[in-house]
Amino acid sequence: HATLWPFVAANLVILLVNRHLAQLDGALLLHRPSLGVWRRFQAQSLDILGLSVAVAVLVSTDRLLLESSASGEVFGHYAAQYDLAIRLNMLATALGTVLLPALSSRVASEGRELASQRFVQQASLVLLGFFLLIGLLLLLQQEVLRLFLGSSSLEATRVYPLLLVGVFLGVLGDRKSTRLNS
Numbered sequence: 033h034a035t036l037w038p039f040v041a042a043n044l045v046i047l048l049v050n051r052h053l054a055q056l057d058g059a060l061l062l063h064r065p066s067l068g069v070w071r072r073f074q075a076q077s078l079d080i081l082g083l084s085v086a087v088a089v090l091v092s093t094d095r096l097l098l099e100s101s102a103s104g105e106v107f108g109h110y111a112a113q114y115d116l117a118i119r120l121n122m123l124a125t126a127l128g129t130v131l132l133p134a135l136s137s138r139v140a141s142e143g144r145e146l147a148s149q150r151f152v153q154q155a156s157l158v159l160l161g162f163f164l165l166i167g168l169l170l171l172l173q174q175e176v177l178r179l180f181l182g183s184s185s186l187e188a189t190r191v192y193p194l195l196l197v198g199v200f201l202g203v204l205g206d207r208k209s210t211r212l213n214s
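Written out as structure tokens, the structure reads:
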């Protein structure tokens with residue numbers, strides 16, 4: 033519930049703000065959508081909601097299973113290292129919120145083909161940046177764990193390197209799907 037309900041609430045706020053902006057005359061060049069557009073939006077929204085719920089279940093399953101089968105100390109160390117590693121996804125999300133609208137404006141001004149090429153170049157640079165950042169975090173994993181989680185985290189089972197590799201694979205998967213959609 034802690035993962036799902038804030039997501040649902042945030043998307044509800046986004047929907048309400050977008051509806052309000054769409055009702056204002058000329059605000060941000062948004063117009064009230066036709067009934068056909070609204071129906072397509074609703075269908076796509078349900079697809080996105082279903083995917084989001086599935087992702088929420090998927091990313092929570094490991095912790096739910098570990099919480100019921102491991103000691104509190106092992107679970108605590110795992111959850112802390114997981115939380116530290118997954119923060120890199122926030123950086124990827126922030127970059128996505130900047131790059132995707134820029135791509136949309138470039139499609140309008142430069143055409144789809146040129147905009148797609150530039151976007152793939154930018155996404156490749158972002159991927160290289162993530163690769164270098166995660167490589168640095170892997171090299172300095174003991175220092176990172178000591179700095180953020182304390183020296184007791186060094187004695188515990190460390191899953192931080194595996195989680196960093198998982199984050200990189202997730203970013204790589206997002207980039208591959210973006211390239212296929214371009």
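Start counting the sequence shown at 33; every next residue gets the next number (the numbering used here). Ideal Cβ placement from N, Cα and C applies to all residues, glycine included.
Hey, residue i and residue j: beta-carbon distance below 8 Å or not?
i: GLY198; j: ASN121; result: no
i: ALA117; j: ARG95; result: no
i: SER107; j: LEU97; result: It should be pointed out that residue 107 corresponds to Phe in this sequence rather than to Ser. Contact: no.
i: GLN173; j: PRO193; result: yes
i: LEU127; j: VAL158; result: yes
i: ARG190; j: LEU170; result: no
i: ARG138; j: ARG119; result: no
Once DSSP output is grouped into helix, strand and coil, what is the label at residue i?
i: LEU172; result: coil
i: VAL191; result: coil
i: LEU61; result: Residue placement at LEU61 cannot be trusted, given a pLDDT of 48 that sits under 50; what the coordinates show is reported in the next sentence. In the structure shown, LEU61 sits in a helix (DSSP, three-state: H, G or I).
Buried or exposed for residue i, please, with buried defined as at least 16 other CB atoms from any protein chain shown within 10 angstroms of its CB.
i: SER185; result: buried
i: GLN113; result: buried
i: ALA147; result: buried
i: LEU196; result: buried
i: VAL40; result: exposed
i: ILE166; result: buried
i: ALA155; result: buried
i: PHE73; result: exposed
i: LEU60; result: Since pLDDT at LEU60 reaches only 49, below the 50 mark, its modelled position is unreliable, and the value read off the structure follows with that caveat. Exposed: under 16 other Cβ atoms inside 10 Å.
i: LEU135; result: buried
i: PHE200; result: buried
i: PHE162; result: buried
Let's see if you can read the secondary structure: which residues bound the alpha helix (DSSP H) around residue i?
i: GLY104; result: 104-142
i: SER185; result: 184-187
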